[in-house]
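Here the protein sequences line up with chains E, V, U and P, keeping their order. Residue numbering for the first sequence follows numbering that gives the first Met the number 0, beginning at 0 and increasing consecutively. Residue numbering for the second sequence follows numbering that gives the first Met the number 0, beginning at 0 and increasing consecutively. Residue numbering for the third sequence follows numbering that gives the first Met the number 0, beginning at 0 and increasing consecutively. Residue numbering for the fourth sequence follows numbering that gives the first Met the number 0, beginning at 0 and increasing consecutively. Yeah, the Cβ is synthetic: ideal placement off N, Cα and C, and Gly gets one too. Below is one structure, written out as structure tokens, with a few remarks after it.
There are 4 protein chains.
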Amino acid sequence: MPKVSQSYLDARRAQILDAAVVCFSREGFHQTTMKDIVKQSKLSPGAIYNYFESKEQIIEAIAKERHAKERLLLTEARKNSNIASVLERIRDAFFGELRDPNERLRKRVSIQMWAEAQRNPRILKIVRRGVDGPRKLLSAIISDAQRKGEISIEVNPNAAARFMIAAFQGFVLQMEWDRKINEQPYLRLLDTFLKSLSPSV
Amino acid sequence: MPKVSQSYLDARRAQILDAAVVCFSREGFHQTTMKDIVKQSKLSPGAIYNYFESKEQIIEAIAKERHAKERLLLTEARKNSNIASVLERIRDAFFGELRDPNERLRKRVSIQMWAEAQRNPRILKIVRRGVDGPRKLLSAIISDAQRKGEISIEVNPNAAARFMIAAFQGFVLQMEWDRKINEQPYLRLLDTFLKSLSPSV
Amino acid sequence: MPKVSQSYLDARRAQILDAAVVCFSREGFHQTTMKDIVKQSKLSPGAIYNYFESKEQIIEAIAKERHAKERLLLTEARKNSNIASVLERIRDAFFGELRDPNERLRKRVSIQMWAEAQRNPRILKIVRRGVDGPRKLLSAIISDAQRKGEISIEVNPNAAARFMIAAFQGFVLQMEWDRKINEQPYLRLLDTFLKSLSPSV
Amino acid sequence: MPKVSQSYLDARRAQILDAAVVCFSREGFHQTTMKDIVKQSKLSPGAIYNYFESKEQIIEAIAKERHAKERLLLTEARKNSNIASVLERIRDAFFGELRDPNERLRKRVSIQMWAEAQRNPRILKIVRRGVDGPRKLLSAIISDAQRKGEISIEVNPNAAARFMIAAFQGFVLQMEWDRKINEQPYLRLLDTFLKSLSPSV
DNA sequence: AATGAATGAGATTTCATTCAT
DNA sequence: CATGAATGAAATCTCATTCAT
Numbered sequence: 000m001p002k003v004s005q006s007y008l009d010a011r012r013a014q015i016l017d018a019a020v021v022c023f024s025r026e027g028f029h030q031t032t033m034k035d036i037v038k039q040s041k042l043s044p045g046a047i048y049n050y051f052e053s054k055e056q057i058i059e060a061i062a063k064e065r066h067a068k069e070r071l072l073l074t075e076a077r078k079n080s081n082i083a084s085v086l087e088r089i090r091d092a093f094f095g096e097l098r099d100p101n102e103r104l105r106k107r108v109s110i111q112m113w114a115e116a117q118r119n120p121r122i123l124k125i126v127r128r129g130v131d132g133p134r135k136l137l138s139a140i141i142s143d144a145q146r147k148g149e150i151s152i153e154v155n156p157n158a159a160a161r162f163m164i165a166a167f168q169g170f171v172l173q174m175e176w177d178r179k180i181n182e183q184p185y186l187r188l189l190d191t192f193l194k195s196l197s198p199s200v
Numbered sequence: 000m001p002k003v004s005q006s007y008l009d010a011r012r013a014q015i016l017d018a019a020v021v022c023f024s025r026e027g028f029h030q031t032t033m034k035d036i037v038k039q040s041k042l043s044p045g046a047i048y049n050y051f052e053s054k055e056q057i058i059e060a061i062a063k064e065r066h067a068k069e070r071l072l073l074t075e076a077r078k079n080s081n082i083a084s085v086l087e088r089i090r091d092a093f094f095g096e097l098r099d100p101n102e103r104l105r106k107r108v109s110i111q112m113w114a115e116a117q118r119n120p121r122i123l124k125i126v127r128r129g130v131d132g133p134r135k136l137l138s139a140i141i142s143d144a145q146r147k148g149e150i151s152i153e154v155n156p157n158a159a160a161r162f163m164i165a166a167f168q169g170f171v172l173q174m175e176w177d178r179k180i181n182e183q184p185y186l187r188l189l190d191t192f193l194k195s196l197s198p199s200v
Numbered sequence: 000m001p002k003v004s005q006s007y008l009d010a011r012r013a014q015i016l017d018a019a020v021v022c023f024s025r026e027g028f029h030q031t032t033m034k035d036i037v038k039q040s041k042l043s044p045g046a047i048y049n050y051f052e053s054k055e056q057i058i059e060a061i062a063k064e065r066h067a068k069e070r071l072l073l074t075e076a077r078k079n080s081n082i083a084s085v086l087e088r089i090r091d092a093f094f095g096e097l098r099d100p101n102e103r104l105r106k107r108v109s110i111q112m113w114a115e116a117q118r119n120p121r122i123l124k125i126v127r128r129g130v131d132g133p134r135k136l137l138s139a140i141i142s143d144a145q146r147k148g149e150i151s152i153e154v155n156p157n158a159a160a161r162f163m164i165a166a167f168q169g170f171v172l173q174m175e176w177d178r179k180i181n182e183q184p185y186l187r188l189l190d191t192f193l194k195s196l197s198p199s200v
Numbered sequence: 000m001p002k003v004s005q006s007y008l009d010a011r012r013a014q015i016l017d018a019a020v021v022c023f024s025r026e027g028f029h030q031t032t033m034k035d036i037v038k039q040s041k042l043s044p045g046a047i048y049n050y051f052e053s054k055e056q057i058i059e060a061i062a063k064e065r066h067a068k069e070r071l072l073l074t075e076a077r078k079n080s081n082i083a084s085v086l087e088r089i090r091d092a093f094f095g096e097l098r099d100p101n102e103r104l105r106k107r108v109s110i111q112m113w114a115e116a117q118r119n120p121r122i123l124k125i126v127r128r129g130v131d132g133p134r135k136l137l138s139a140i141i142s143d144a145q146r147k148g149e150i151s152i153e154v155n156p157n158a159a160a161r162f163m164i165a166a167f168q169g170f171v172l173q174m175e176w177d178r179k180i181n182e183q184p185y186l187r188l189l190d191t192f193l194k195s196l197s198p199s200v
């Protein structure tokens, strides 16, 4: 099957990554065997190794994909001029995604990444970039807002950014352990927190 | 079969668990081999299998140990009559621990557990209990406070508890990826958040 | 199926064999992958399999090529009427070749063949023929010389032929392991040996 | 099976190496699979990897063993005071071994080593040492003999040493390809050669 | 109770070869 | 005739666990 188009190659690559996400979300990186991915992707071992040099590289590729996706979400959100609506958009983008079952799979894989980052420097780098992007953006938004007097100058923008991210990360974790968790009250609290950053009268 | 004292047995067991924590925090559960634990513990494979039936059981034992430790922290904190100081104590207990290098190792292992819980029901159970305890306690405290008028009745106690836990979990993660992270501004924001729960005048 | 000229086909074939020699001399038969040959030949796997049915057949083809080449050398040498000059020509032909870097590559492949002959009957056959030809020729020359009284009748012609071949084979081996080896004194010794075959006065 | 004696370990190691020699002599290094060695040695894969880190290391260990054995032969031979008998002893030691079927196996493996040395620097080093030892010794013996006037000063000792070694190496090769080869006439020629080194009257 | 050599299923990866285009 | 993606058997090596001593 020679001389195939780039889109053919891209489709095959995506096929492998999608299969890997399903497997990883189910069994974790290390309990997932290449055989599992082979089966899930309906390809052969050799075919997979034509696209990725190793299992590790598949994991990396998934992490990078995540990274790219989140960057896109942020870039989109940032287009809003109004500060409140930027934050709102970010919030909706991230929390909204959690309702998509497919995205849930990917979040499960993200948790795997957090663990994997501890021993795999390449994953660490990707995960770190994945958090640093949002953090810097949020931090910049808050700084802007402070200049406009919309947020108290007492607030440390960086810490606030971290706090918001933590609120999301923690929610992702807790949702994994308890599917019945209700998102609405949690989001209201997040709003309460965001309002608490406003300058006190 | 030499007969030895219980304290001897306990010491051996602790020796294994400590060694395992060091290994797991370094390489993760799955990249840690029994050989690694053997080496780190300065025992032999056979000896370890006298105390634990499998590698999985070692992981479980560590998770349970964590669980017990955190329950102790909470029980201690709860002794305070004043609500603000209970929350303060809890906050200090959890965040304060992070300064201890030994405890940092264990937090690294906790992150591993979060990932492991996805595919190991026994770990999931332990991890879940580890979160449910604090959550219920915090929730109860908030409910109490609401009754006393110290916290707005608008607040969903359970969601607030989750939010506080998330603030901690997220901090643990972000600290892993960026050791230079500063705890002080983060804690101030946590306080800001807690205050924002008070009834508005 | 485009129709191409025979010379085109021959050129393609030679291209593959040359590439294979380079690869084999570098990494040996078994460490050389078809991919290596593909790369070196600047062709594609499919193209190569149009000319050879398998990797084994490429090895065989190289062995046969060697064989043909050496037969040519011997045929040429034999044209000399004088016995001493036949031997001299043979000696020069074989040892002289070793100065050509390209030929050195092929000698490296020959050593591989010696090993390969142990388990591959087809290679064994080719290698054996490659030695038997020279051996029989040398043996015949010596017998002739004995009849003419130029070589002692004590000498076993076949053993003498083997001995000369061994002198060459051993030199090829030792040259591989020590490039600084000096050919001149070695050749003088070979002459000494040849002279020692003359009838004692 | 813990706490076993050193001799137990040595026996196991030898068991593996012996099995490997059988396999390698039959199929060559690269066609021999670890499974073959496992079967032949009647051990398990894991057991073998307790003694050797890789297949390559098994090959190396065999090469080193050869090397040690040959050094022993030379050391023994050297004990003779008389030059002629030293050479005779060396000749007998090396050629005599070839009659032992077990030793024939090992010679087959030696031929493999010659090929392997081309791409494996560690094997090259061992093979080279295995040739350099005898070469230097033979060279020294010839130099001695020249001082005593027993060998012509025209002879280059080093080249003569190489020549003798070549006579052996070539014989080993040719014997592999033709089992019916007769050793006696060959050895007589070797003697003729050695005598031809004496100073001419 | 401790030791550590042995086990052997199974994991990752390779690579000669094929065949649709 | 050429291409090169796909195949899948098979190779090397790992590692949790066992058990004779």
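P:Q111 is the residue among P:I122, P:Q168, P:Q111 and P:T191 whose C-alpha sits nearest the C-alpha of V20 (chain P). From the beta-carbon of L188 (chain U), the residues of chain P found nearer than 8 Å are V154, N155, A158, A159 and F162. Between P184 (chain V) and chain E, the shortest Cβ-Cβ separation is below 7 Å. When the Cα atoms are used, I57 (chain U) and C22 (chain P) turn out to be separated by approximately 25 Å. Only those residues of the stretch 98 to 125 of chain E whose C-beta falls short of 8 Å from the nearest C-beta of chain V are listed: R107, I110, Q111, W113, A114, E115, A116, Q117, R118 and L123. A straight line joining the alpha-carbon of A166 (chain V) with that of K38 (chain V) spans about 37 Å.
Here S142 (chain V) is near P156 (chain V), since their CB atoms are less than 7 Å apart. The alpha carbon of I89 (chain V) has as its nearest neighbour, out of V:L72, V:D99, V:S80 and V:N81, the alpha carbon of V:L72. Judged by pairs of C-beta atoms under 8 Å, the stretch 90 to 99 of chain P does not touch the stretch 35 to 50 of chain P, as fewer than three such pairs exist. In this structure, the CA atom of V3 (chain E) is about 14 Å from the CA atom of Y50 (chain E). Interface flag for E26 (chain P) against chain U is set, since a Cβ pair is found closer than 7 Å. For the alpha helix (DSSP H) assignment, the uninterrupted runs of no fewer than 4 residues enclosed by the stretch 22 to 85 of chain E are, from N- to C-terminal side, 33 to 40, 44 to 50 and 54 to 77. At a C-beta separation below 9 Å, A10 (chain E) has no neighbours in chain V, since its nearest C-beta there lies roughly 28 Å away.
Of V:S43, V:R11 and V:K54, the smallest CA-CA separation from H29 (chain V) is found for V:K54. The beta carbon of F170 (chain U) sits closer than 7 Å to the beta carbons of Y185 from its chain, once the five residues preceding and following it are set aside; these are given in chain order. Where D131 (chain V) is concerned, the enclosing alpha helix (DSSP H) starts and stops at P120 to R146. For F170 (chain U), the chain P residues whose C-beta falls within less than 7 Å of its own C-beta are A165, listed in chain order. Judged by DSSP in its simplified three-state form, V171 (chain V) adopts helix.
Proximity to R25 (chain E) across E:L104, E:S197 and E:K147 peaks at E:L104, based on C-alpha coordinates. Remark: C-beta atoms of I82 (chain V) and A159 (chain V) do not approach each other more closely than 7 Å.
Counting every other CB atom within 10 Å of its CB across the protein chains shown gives G27 (chain U) a total of 16 or more, marking it as buried. Secondary structure note for Q111 (chain P): its alpha helix (DSSP H) is the uninterrupted segment P100 to E115. Between V126 (chain E) and I61 (chain E) a beta carbon distance of about 11 Å is seen, past the 8 Å cut, so the two are scored as non-contacting. Here the alpha carbons of E52 (chain P) and Q168 (chain P) stand approximately 31 Å from one another.
A buried status is given to E115 (chain U), since no fewer than 16 other beta-carbon atoms sit within 10 Å of its beta-carbon. The continuous alpha helix (DSSP H) containing S195 (chain P) extends over residues E182 to S195.
With 16 or more other Cβ atoms from the protein chains shown falling within 10 Å of its own Cβ, N119 (chain V) counts as buried. For S195 (chain P), the closest Cβ of chain U is nearer than 7 Å. Counting of Cβ neighbours within 10 angstroms places T32 (chain P) among the exposed residues, the total staying below 16.
Residues of the stretch 45 to 57 of chain P that bring their beta carbon within less than 8 Å of a beta carbon in chain U are absent altogether. Residue contact check for F192 (chain U) against chain P: a CB pair falls below 7 Å. By the rule that beta-carbons nearer than 7 Å mark a contact, Q173 (chain V) touches chain E. Each of E:E75, E:A67 and E:E102 was checked against the Cα of G129 (chain E), and the nearest Cα belongs to E:A67. For P198 (chain U), the secondary structure class from DSSP, reduced to helix, strand or coil, is coil.
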